[in-house]
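First residue of the sequence shown? That's -1 in the working numbering, and the numbers climb one at a time after it.
Idealized CB from N, CA, C, for every residue including glycine.
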Amino acid sequence: MASKQDTLRTEFDFTLPRGLIDSQNRLHRHGKMRLATAKDEILVQKERKVQDNSAYSVLAMFSRVIIRLGSLNSVSSDLLEELLLHDIAYLREFYNRINQQGNTHIPTQCPHCNAQFPVELSLAGES
């Protein structure tokens, strides 16, 4: 039987600070992002927009790993172009956190009793 530590969490909920307004004027702030794979990296590098402008790789990667945003079950890099820079910065921070450490918690230790416990990371701008 797998212990809690043996289970790999691959999807993470997030809330954009500002959000995306779609063509029907609906606001989308709550989403879910999955961990990136090596295949994601390879396929992003093959995209024409990325080859023409390497800065576009961020949007291309987000379009692959964001599996839900509000009522949208998929997002395209074209749609993500409409995000405010504040939300892009948030997504970069969130992406880096979950892909480098696999969670949104920071190990913490009480300075008084030395008890160790996790604290959920509050990302910049998230409300």
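Distances from the alpha-carbon of R90 to those of S69, D76 and T13 put T13 closest. When DSSP states are grouped into helix, strand and coil, H84 belongs to the helix group. H84 and V48 have their C-alpha atoms spaced approximately 22 angstroms apart.
For L67, the secondary structure class from DSSP, reduced to helix, strand or coil, is strand.
Burial check for A113: the Cβ neighbour count within 10 Å stays below 16, so the residue is exposed. F92 and Q22 have their C-alpha atoms spaced approximately 27 angstroms apart.
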